[in-house]
Amino acid sequence: MAILVDERTRVLVQGITGRQGQLHTELMLRYGTKVVAGVAPGRGGSRVHGVPVYDSVAEAVEEHPEVNASVVFVPARFAPDAVYEAVDAGLPLIVVITEGVPAHETLKMVAYARGRGAVVVGPNSPGVISPGRCKVGIMPGELFKPGRIGVVSRSGTLTYEVAARLAAAGLGVSTAVGIGGDLVTGLSFWDAYQLFNLDEETDAVVLVGEIGGTKEEEFARMYARGRGKPVVAYIAGRTAPPGRRMGHAGAVAFGATGTYESKVRALEGAGVPVAGGLGELPQLVKRALEEAG
Amino acid sequence: MAILVDERTRVLVQGITGRQGQLHTELMLRYGTKVVAGVAPGRGGSRVHGVPVYDSVAEAVEEHPEVNASVVFVPARFAPDAVYEAVDAGLPLIVVITEGVPAHETLKMVAYARGRGAVVVGPNSPGVISPGRCKVGIMPGELFKPGRIGVVSRSGTLTYEVAARLAAAGLGVSTAVGIGGDLVTGLSFWDAYQLFNLDEETDAVVLVGEIGGTKEEEFARMYARGRGKPVVAYIAGRTAPPGRRMGHAGAVAFGATGTYESKVRALEGAGVPVAGGLGELPQLVKRALEEAG
Amino acid sequence: MILLEFEAKRILEEYGIPCEKSVLIGEGDADRAGELVSSLRPPYVVKAQVRAWGRGRAGLVRFAGSVDEAVSIARGMLGSSFAGERVRYVMVSERVRPLRELYVSMMLGGSPPGVLLLASEAGGAGVEEAGGALVLRVDPHAGLRGYAVRRVAKHLGVPAESIAPILEGMYRALWDYSLTLLELNPLAETEGGLVAVDRKAVADEDSGNPRLAEFIARYEEELGELQREARRWGFAAVPLEGDVAVVGNGAGLTMATLDAVAEAGGRPGLFLDLGGGAAAERVKAALLLALRQPNVRRVLVNIVGGITRCDEVARGLVEALREAGAPGVRLAVRLSGFMEEEGRRILEGAGIRAFATLEEAVREVVG
Amino acid sequence: MILLEFEAKRILEEYGIPCEKSVLIGEGDADRAGELVSSLRPPYVVKAQVRAWGRGRAGLVRFAGSVDEAVSIARGMLGSSFAGERVRYVMVSERVRPLRELYVSMMLGGSPPGVLLLASEAGGAGVEEAGGALVLRVDPHAGLRGYAVRRVAKHLGVPAESIAPILEGMYRALWDYSLTLLELNPLAETEGGLVAVDRKAVADEDSGNPRLAEFIARYEEELGELQREARRWGFAAVPLEGDVAVVGNGAGLTMATLDAVAEAGGRPGLFLDLGGGAAAERVKAALLLALRQPNVRRVLVNIVGGITRCDEVARGLVEALREAGAPGVRLAVRLSGFMEEEGRRILEGAGIRAFATLEEAVREVVG
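Protein chains in written order, with my numbering: chain L, 1 to 293; chain F, 1001 to 1293; chain H, 2001 to 2367; chain Y, 3001 to 3367.
Written out as structure tokens, the structure is:
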């Protein structure tokens, strides 16, 4: 099963002829992902690593009606357009790798997608991977071992680090979802958690948060109301100074909003153990699994 | 069963303290409709014909979680606001009686409602009635006899006329839906037809159209692709001059768009018999029922 | 409200959509017409500014090679009549020679409702028959996205860069001016790029949009006494050519009544929709208004009571007749629904025959 | 980007939101300060314009009874430092006496994402602890509707007519200026109505919104050499107080590395996120930049390879060290993932120790 992507996922790459698009099409194919079509306006008819390219999503989907996910590599300026195009073509899952999409644009495009039943992961996401089955994104597949832990994260490389540490502790991953490092993203922690809750192949969930915004607090509020499978968290940025953007557009704490303390208080208050450091995380996961029986 | 409204419908009246709101709250109650709450900003705490009034839909729904439909009587200027409020409160059915809502506003509010799974009937609708069970609107209930014919119409009084003629011919109505006389409305002919198709208590559908817009043509296009229960149509405005607004905001033919001929051609081309006059309609319905067996 | 062509052109130009050079000649500009046209380069197209469709076939779009010819045609058009409208303005344009005539329009419609974008390679008079138009539904929350523009460009065989500003301008104008239809036909492909050489626009009168004020004012100048009075009472009135005034409550019902009259061989002379819940006073006003129309010799009143009370209607009719007398006018009334019996009694007490069915009433008034 | 208070005030005033009268005193205005303040009526509030939160507790918001006192306070503030920022502007405002201090803010957030509207009766410094705030999610496609305004008015106990223009102005400003946060705290209830007497705004730097140009220019003037250089390379760099430069690839990873350093007792002196897929040249630039910081005596490089190739990173580091020499700087490198072995070989060939785990590398650099 896993969540969002698996063996049945058939991927369309939007912006397939760009540098990133080409590179990751190759890497996804090599991982075993079924990349069946690409889109690049004005480049229809060509091929990238054997994948046929179309001028529009509508044309690609007409030729490849099996497409059920899209991954967006187009530049920030054109990324919203790509998402609307994918939604209008009826695609149910759209993974946006692009960084630098204006937050207000994201707000509108996510509302649009949700209203039409489409899930947007990202923007500024490393993608989604169900280890050994399907990777729709840019993460190094070899760091992810198959298993029964769900991972949901605002970060890219930190997710790889976490996956590697879980693997080293004998814990594999059912699916790892990078919801994206922006202030506004499509999929929320809670959305991903709900999917993991329904997934028979996931036993516990690792939430990798960071300072800035209120995503972790929102998750904690929802989790406190009706928790399901056990969750263990790690929050990056404990020692980051307030008011400074720590790399990600969403990683800034202002006043009392988005601080490390606020997030830890909310999560622990809701019953989510928070690891003091990355090293503690695998133990916490194991303990949670034991407690859940 | 019927469609949209029945014995289980619990109604909220938005704009209950206005002249129309008060009058029709009384008439709906008299018909047997379960009107359980009303809204009028600043008038919370009062009662209209025994129905408690609240300042906001949120408050009304908190006190009356059983509410599952709203009927909007507020003036055109405030009607979109009322619809957004009802959608945001999670109501699944919103019947807008108000006339004169700007078409572009309707476009946006309908898109909003659809994206959140809410059905908007109208604006400029006489409402929805499932004879003998529930009336959410302003139609004279006594003209509608219970039965197995679905009626969907752009008109108010013309619908009553049609219902009376059906009754005189021994044909009752399962549900009659006034989709509204504006150019842009929430529920389309096709939406209503799909509901009738799923309704075990409807055997055939009468479509009452009129000149202007492309609603009948759109229905015909969809019906031609995959027809279900038999449909018989009547189109008003055969002799209306082009370019003139015939009462309804939507009832204007321009050039080749929205003409009587265009609609009849589309409907007949799709296999929908169109009555030459109102008098023919009941016979056509009976014939359609016989042919359907 | 259908806009006049020059009004639509002004809107398009405001959004930077390329249009041909033109001048407008009003009824008061007859003396300056030559001077105005001289500012343009020949040859010319002279177009009567009317709201109705089909002016081309009626000879109201003509070509002229010289200033004098253009002015002479324009003078001939001014003051003439087309489909019940007086020609108050004439537009003289520089004639554009298109390589191809394309068609692009946007209108509100569709299910779910949105902005329907239509594009066709076969613009000009033939577009309605041609078929094969591209139809895209633009969702109001998505807006006109780049991919839609690219699809239109591909369909029309023009570069996306050249059609993009036109489509974007049209889309913004549609929202800014509350237009329910904006049509460029033809959109001419020329050596110098795309030019919108003819256009139609329809605005939503219910919008309350202040940008329409100038256009509404011009429209209202054209209204006759009938429509002014109707507006005041909140009736919908449309003057027609025949002698039977059709008065009903509700737009659909009144249209159906009109059709029934015509079907029975009568000639409708007035469409008058009372709207919902008409009280005696308004009914009286409506009947008096109908009786005042010089062409009206028969009146058919068709009421299906619901909100409207038949007894109120009857009272209003009786009062109107008492006031107007209406000698030589044949009146038939059909009452049905709420308070029908009481209404019929009132009418019969005043010597007016009331019918229970539309068919009977039509026979009475037409026969 | 956090806006300065006076920038936020200008935006609010543009949208007709009532603010107190104030003057702005820049570093170059010291001579004219008295004249500027004299245009206001005493008493005064003197506020240092800084981007960081918490200036009140730091004594950077002070009251003054006279022009001289206000000017003297302002001069004292100008050029002083707060949380690493130099005070370049001081705002002197007429002091408003509130009957009540309310709180209203709008920010992007929520799930599904929207504009979160927060309102509290307990404005002022206590808002964060007070709780009981009303939180409404405004959907971008619905916009700020009348019913939401009425709910806020009811919660705050103010007439809807008085709060409506403020909320509507804030909402429009949020979109027009690409603000991710706009906060009025306190929104003072006074005899004369509601007045926004303090405010905070944060704008989305990624928006490309031309209306932010002036604010961005002012922000960039404040940037030090470090941040300018980092921007040029597309790195995210934040100067810190300690002596350990932390260089990583990816924001979350670099933050986690910072935390690990602090956890082990080290004092981070620089946060530097290389971003994804850093090639040798960029890695070299990053290390040189870190080494140029006067406070930096140790460097921890933490790379989890994916898009980023560990061998490229290694090459860049070796080149930077060859160029800078870096006498007396302690360097620890952790390489993991794509081309890890190759990278480690390159580093060891240049006499640099490479670790496989973060913990080892941290011990090396901190211990």
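Glycine included, each C-beta is placed from N, C-alpha and C at the ideal position.
Rounded separation between residue i and residue j - CA only
i	j	result
H:Val2246	H:Gln2293	12 Å
Y:Ala3148	Y:Leu3156	12 Å
Y:Ala3320	L:Gly45	45 Å
H:Arg2032	H:Lys2009	21 Å
F:Val1061	Y:Lys3200	35 Å
H:Phe2215	H:Leu2226	20 Å
L:Glu216	L:Gly258	9 Å
L:Leu37	L:Asn124	In the sequence on display, residue 37 of chain L carries Ala and not Leu. About 22 Å.
H:Ala2083	H:Val2115	29 Å
F:Gly1021	F:Val1074	8 Å
L:Val120	Y:Pro3112	11 Å
Spatially closest choice to residue i from the options, by CA coordinates
i	options	result
L:Thr185	L:Gly228, L:Ala167, L:Ile211, L:Val95	L:Val95
F:Gly1276	H:Ala2256, H:Glu2222, H:Leu2287, H:Phe2271	H:Ala2256
F:Glu1059	F:Arg1116, F:Gln1014, F:Val1136, F:Gly1293	F:Gln1014
L:Val51	L:Leu29, L:Lys229, L:Val252, L:Val177	L:Leu29
L:Gly137	L:Gly150, L:Gly147, L:Thr257, L:Gly156	L:Gly156
F:Ala1167	F:Ser1174, F:Glu1218, F:Phe1144, F:Val1152	F:Phe1144
Y:Leu3212	Y:Glu3191, Y:His3141, Y:Leu3179, Y:Glu3168	Y:Leu3179
Y:Gly3169	Y:Arg3330, Y:Leu3012, Y:Gly3054, Y:Leu3317	Y:Leu3012
Y:Ala3354	Y:Gly3059, Y:Arg3322, Y:Asp3311	Y:Asp3311
H:Val2329	H:Phe2271, H:Leu2287, H:Val2104, H:Thr2357	H:Leu2287
L:Thr106	L:Ile149, L:Met139, L:Gly180, L:Leu281	L:Gly180
L:Ala2	L:Asn68, L:Ser130, L:Lys229	L:Ser130
H:Leu2004	H:Pro2042, H:Ser2066, H:Arg2086	H:Arg2086
Y:Glu3205	L:Lys34, L:Gly115, L:Leu207, L:Gly100	L:Gly100
Residue environment, residue i, which counts as buried when at least 16 other CB atoms sit within 10 Å
i	result
H:Gly2028	exposed
Y:Arg3231	exposed
Y:Ser3081	exposed
L:Leu203	In the sequence under discussion, the amino acid at residue 203 of chain L is Asp, which differs from the Leu named in the question. It counts as buried.
Y:Gly3252	buried
Y:Ser3039	exposed
H:Glu2340	buried
H:Phe2063	exposed
L:Asp182	buried
Residue i - partner residues in DSSP beta bridges
i	result
L:Gln14	L:Val39, L:Val72
F:Lys1286	Bridge partners of F:Lys1286: none, in fact.
Y:Leu3291	BP columns for Y:Leu3291 are empty, so no partner.
Y:Leu3300	Y:Val3246, Y:Ala3332
L:Ile94	L:Ser70, L:Val120
Y:Ser3178	Partner(s): none; Y:Ser3178 has no beta bridge.
F:Gly1137	F:Gly1127
Any non-hydrogen atom of the ligand MG closer than 8 Å to residue i Cβ
i	result
F:Ser1155	In the structure shown, the ligand MG is absent, as is every other ligand, since no ligand is present at all.
Chain-ordered chain C contacts of residue i [CB-CB under 8 Å]
i	result
L:Met246	Although the question refers to chain C, the structure presented lacks it and instead comprises the protein chains L, F, H and Y.
| query | Between the region 3140–3153 of chain Y and chain F, which residues of the former have a C-beta closer than 9 Å to a C-beta of the latter? | reply | His3141, Ala3142, Gly3143, Arg3145, Gly3146, Tyr3147, Ala3148, Arg3150, Arg3151
| task | Select from the region 95–118 of chain L all residues with a C-beta closer than 9 Å to any C-beta belonging to chain Y, and list them in chain order. | result | Glu99, Gly100, Val101, Pro102, Ala103, His104, Glu105, Thr106, Leu107, Lys108, Val110, Ala111, Tyr112, Arg114, Gly115
| message | Any C-beta of chain Y within less than 9 Å: which residues of the region 272–291 of chain L qualify? | response | Gly276, Gly277, Leu278, Gly279
| task | Anything in the region 1148–1164 of chain F with a Cβ closer than 8 Å to a Cβ of chain H? List those residues in chain order, please. | result | Ser1153, Arg1154, Ser1155, Gly1156, Thr1157, Leu1158, Thr1159, Tyr1160, Glu1161, Ala1164
| query | Using Cβ-Cβ distances below 8 Å, what residues of the region 38–66 of chain L are close to chain H? | reply | Pro41, Asp55, Ser56, Val57, Ala58
| Interfacial residues, the region 2300–2311 of chain H to chain F, with Cβ spacing under 7 Å | Val2304, Gly2305, Gly2306, Ile2307
| Which residues, in chain order, does the region 70–98 of chain L contribute to contact with chain Y at a C-beta distance below 9 Å? | Ala76, Arg77
| task | Would you list, in chain order, the members of the region 2021–2037 of chain H that have their beta-carbon closer than 9 Å to a beta-carbon of chain F? | result | none
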